[in-house]
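Protein chains in written order, with the UniProt record's numbering: chain A, 1 to 224; chain B, 1 to 169.
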Amino acid sequence: MMQKIYDWVDERMDITPLWRDIADHEVPEHVNPAHHFSAFVYCFGGLTFFVTVIQILSGMFLTMYYVPDIENAWKSVYYLQSEVASGQIVRGMHHWGASVVIVMLFLHTLRVFFQGAYKKPRELNWIVGVLLFFVMLGLGFTGYLLPWDNKAYFATQVGLQIAETTPFIGDSVKILLSGDADIVGAQTLTRFFAIHVFFLPAALFGLMAVHFIMIRKQGISGPL
Amino acid sequence: MSEKKQQVSRRQFLNYTLTGVGGFMAAGMLTPMIRMAVDPVLQPKKSGDLVAVVEVDKLTTEPQRFDWEIDQVDAWYESKVTKTAWVFIQEDDSILALSPICTHLGCTVSWEGNEEYPNQYYCPCHGGRYYKNGVNVPGLPPPAPLAVYDQDVKDGTLYLGKAISRKGA
Chain A
1 MMQKIYDWVD
11 ERMDITPLWR
21 DIADHEVPEH
31 VNPAHHFSAF
41 VYCFGGLTFF
51 VTVIQILSGM
61 FLTMYYVPDI
71 ENAWKSVYYL
81 QSEVASGQIV
91 RGMHHWGASV
101 VIVMLFLHTL
111 RVFFQGAYKK
121 PRELNWIVGV
131 LLFFVMLGLG
141 FTGYLLPWDN
151 KAYFATQVGL
161 QIAETTPFIG
171 DSVKILLSGD
181 ADIVGAQTLT
191 RFFAIHVFFL
201 PAALFGLMAV
211 HFIMIRKQGI
221 SGPL
Chain B
1 MSEKKQQVSR
11 RQFLNYTLTG
21 VGGFMAAGML
31 TPMIRMAVDP
41 VLQPKKSGDL
51 VAVVEVDKLT
61 TEPQRFDWEI
71 DQVDAWYESK
81 VTKTAWVFIQ
91 EDDSILALSP
101 ICTHLGCTVS
111 WEGNEEYPNQ
121 YYCPCHGGRY
131 YKNGVNVPGL
141 PPPAPLAVYD
151 QDVKDGTLYL
161 GKAISRKGA
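Dropping the structure here:
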């Protein structure tokens, strides 16, 4: 049955080359842990992507309950944690995944750095990778405020103070982020929510696409 | 390629017009969006109204803690917010009203908050200390002196406004 549906679509759209191009290619021996166990270091990029997918999915489901409003944000998080079946698990995935993804990103960066895999012709992909790292840090920073508890509030106060120390444009950057010159409040929360859920994920998807297209174009770096 | 007349081909003309029109359309869409995003940055600085806090004759040369309430408007939320100041009369008879917010990480300092450090403000979070005039004791976490409230004295009453931070010391 499935085969028939596939053939029907393939006959009209010629989709086989599409997915072959994405998914069907050999894993070179030097990156295959089945040949050399030490090749597990090549997994960290893929693991970063895997955790990112978990973050996207769990985040999508969290917004079914979360309200980005100073009166209701904490209550909505408390409700989904304590009353909703599996809510604690889904928020737990998002909460812990946020830390795990940074760790994986860091290990992936270390592997690329110490193997010299960033060298010509892959310099551009290193740069895109660094941008991805910044976007991920931004996601961590903006997501931290959303539960609107004391820890979130004061961590954001400190983060905004750090932004304020930027030479010349510091004050403007701080107000742009917090939405008010003096108050970390209603407008800060809506802004951080928008940045966390729409702006940074859009940047993340774009950069990830570029990152992966460049890998396919250039191939993985050779053995040491 | 130095002909007298620079001919514009049909292809070039179309490229220019389409790029121009497309540019205008993109700008027309993006301008209001960006203007909306940066609106808070372009708002004029609020000076903050001065609020009556305490009669001047209650002040001493020893810093005392005073609390007062202000009406805070946070976009679509209006609320009462309690403000606090450490107020005392300086040696030159002027009044100094200090914000109790530690310049390190925003905890609340108190005058002689630790018995071991008399005549200093003490922050319980990371042991930051400030001298009586609010200047931070060097070598400790706080990077700057305590902020000073905008002040005014009218009919024997002290009015306080916004805390103005004093950077670097």
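Every residue gets a Cβ at the ideal spot worked out from N, C-alpha and C, and that includes glycine.
Please list the partners that residue i has in chain E, where partner means a Cβ-to-Cβ separation under 9 angstroms.
{"i": "residue 106 of chain B", "result": "Of the protein chains in this structure, namely A and B, none is chain E."}
For residue i, return the contacting residues in chain B, with the cut-off set at a CB-CB distance below 9 angstroms.
{"i": "residue 102 of chain A", "result": "By Cβ distance, chain B contributes nothing, its closest Cβ being about 22 angstroms from residue 102 of chain A, past 9 angstroms."}
What residues match up with residue i in a beta bridge as DSSP calls it?
{"i": "residue 148 of chain B", "result": "B:98 and B:164"}
{"i": "residue 58 of chain B", "result": "Paired residue(s): none; residue 58 of chain B is not in a bridge."}
{"i": "residue 85 of chain B", "result": "B:66"}
{"i": "residue 136 of chain B", "result": "B:130"}
{"i": "residue 52 of chain B", "result": "B:159"}
{"i": "residue 79 of chain B", "result": "B:72"}
{"i": "residue 6 of chain A", "result": "BP columns for residue 6 of chain A are empty, so no partner."}
{"i": "residue 122 of chain B", "result": "B:110 and B:129"}
{"i": "residue 154 of chain B", "result": "B:157"}
List the residues of chain B that residue i touches, going by C-beta distances under 7 angstroms, in chain order.
{"i": "residue 195 of chain A", "result": "Result: empty, since nearest Cβ-Cβ is about 10 angstroms, beyond 7 angstroms."}
{"i": "residue 70 of chain A", "result": "77"}
Quick one: list the residues of chain A neighbouring residue i, beta-carbon separation under 7 angstroms, in chain order.
{"i": "residue 45 of chain B", "result": "181"}
Report the CB separation of residue i from residue j in whole angstroms; it is logged as a contact under 8 angstroms.
{"i": "residue 199 of chain A", "j": "residue 68 of chain A", "result": "With 8 angstroms as the limit, residue 199 of chain A and residue 68 of chain A do not qualify as a contact, their Cβ atoms being about 14 angstroms apart."}
{"i": "residue 96 of chain B", "j": "residue 133 of chain B", "result": "7 angstroms"}
{"i": "residue 54 of chain B", "j": "residue 158 of chain B", "result": "5 angstroms"}
{"i": "residue 91 of chain A", "j": "residue 218 of chain A", "result": "Not really, about 39 angstroms apart at Cβ, beyond 8 angstroms."}
{"i": "residue 71 of chain B", "j": "residue 84 of chain B", "result": "Incorrect: roughly 16 angstroms between the Cβ atoms, too far for contact."}
{"i": "residue 80 of chain B", "j": "residue 69 of chain B", "result": "5 angstroms"}
{"i": "residue 56 of chain B", "j": "residue 153 of chain B", "result": "6 angstroms"}
{"i": "residue 39 of chain A", "j": "residue 32 of chain A", "result": "6 angstroms"}
{"i": "residue 130 of chain A", "j": "residue 203 of chain A", "result": "About 13 angstroms; that fails the 8 angstroms criterion."}
{"i": "residue 38 of chain B", "j": "residue 176 of chain A", "result": "6 angstroms"}
{"i": "residue 65 of chain A", "j": "residue 45 of chain A", "result": "Their Cβ separation, rounded to whole angstroms, is 32 angstroms, which puts residue 65 of chain A and residue 45 of chain A out of contact at 8 angstroms."}
Under 8 angstroms Cβ-Cβ, which residues of chain A neighbour residue i?
{"i": "residue 72 of chain B", "result": "183"}
List, in order along the chain, the chain B residues whose C-beta lies closer than 8 angstroms to that of residue i?
{"i": "residue 215 of chain A", "result": "Here the premise fails: no neighbours, minimum Cβ distance about 31 angstroms."}
Subject >> Members of the stretch 169-186 of chain A that neighbour chain B once the beta carbon cut-off is set at 8 angstroms >> reply: Going along the stretch 169-186 of chain A in chain order, one finds 172, 175, 176, 178, 179, 180, 181, 182, 183, 185 and 186 with a Cβ nearer than 8 angstroms to chain B.
Original post:
Taking contact to mean at least 3 C-beta pairs separated by less than 8 angstroms, is the stretch 48-61 of chain B in contact with the stretch 207-223 of chain A?
Top reply: Here the stretch 48-61 of chain B makes no contact with the stretch 207-223 of chain A; the two share fewer than three CB pairs at distances below 8 angstroms.
**OP:** Specify whether the stretch 34-51 of chain B and the stretch 148-167 of chain B touch according to this definition: at least 3 beta carbon pairs, one from each stretch, less than 8 angstroms apart.
**Re:** The answer is yes - the stretch 148-167 of chain B touches the stretch 34-51 of chain B, with three or more Cβ pairs under 8 angstroms.
Subject >> Members of the stretch 75-93 of chain B that neighbour chain A once the beta carbon cut-off is set at 8 angstroms >> reply: Those would be 75, 76 and 77, in chain order.
Subject >> Members of the stretch 27-40 of chain B near chain A, C-beta cut-off 7 angstroms >> reply: Within the stretch 27-40 of chain B, the residues whose Cβ lies closer than 7 angstroms to some Cβ of chain A are 38 and 40, listed in chain order.
**OP:** Please confirm if the stretch 52-64 of chain A is in contact with the stretch 96-112 of chain A, defined as three or more CB-CB distances below 8 angstroms between the two stretches.
**Re:** Remark: three or more beta-carbon pairs, one from each stretch, lie closer than 8 angstroms, so the stretch 52-64 of chain A and the stretch 96-112 of chain A are flagged as touching.
**OP:** Determine contact between the stretch 120-129 of chain B and the stretch 75-82 of chain B, defined as no fewer than three beta-carbon pairs at a distance below 8 angstroms.
**Re:** Of all C-beta pairs linking the stretch 120-129 of chain B to the stretch 75-82 of chain B, fewer than three are shorter than 8 angstroms, placing the two stretches out of contact.
Subject >> the stretch 17-38 of chain A: positions lying closer than 8 angstroms to chain B by Cβ >> reply: Of all residues in the stretch 17-38 of chain A, none places a beta-carbon less than 8 angstroms from a beta-carbon of chain B.
Original post:
Okay, do the stretch 183-190 of chain A and the stretch 65-81 of chain A touch, 3+ Cβ pairs below 8 angstroms being the bar?
Top reply: Yes: at least three Cβ pairs fall under 8 angstroms.
Original post:
Looking at C-beta atoms only, is the number of pairs between the stretch 115-126 of chain B and the stretch 108-118 of chain A that lie closer than 8 angstroms three or more?
Top reply: No: the two stretches stay apart, fewer than three of their Cβ pairs being nearer than 8 angstroms.
Original post:
Using 8 angstroms as the threshold, is the stretch 100-114 of chain B in touch with the stretch 154-168 of chain A, meaning 3 or more CB pairs across them?
Top reply: Under the three-pair Cβ rule at 8 angstroms, the stretch 100-114 of chain B counts as touching the stretch 154-168 of chain A.
Original post:
Three or more C-beta pairs closer than 8 angstroms, one from the stretch 170-181 of chain A and one from the stretch 30-45 of chain B: is that the case here?
Top reply: Contact holds: three or more Cβ-Cβ distances are below 8 angstroms.
Original post:
Three or more C-beta pairs closer than 8 angstroms, one from the stretch 115-130 of chain A and one from the stretch 26-37 of chain A: is that the case here?
Top reply: Short answer: they don't touch.
**OP:** Determine contact between the stretch 73-82 of chain A and the stretch 123-130 of chain A, defined as no fewer than three beta-carbon pairs at a distance below 8 angstroms.
**Re:** The answer is no - the stretch 123-130 of chain A does not touch the stretch 73-82 of chain A, with fewer than three Cβ pairs under 8 angstroms.
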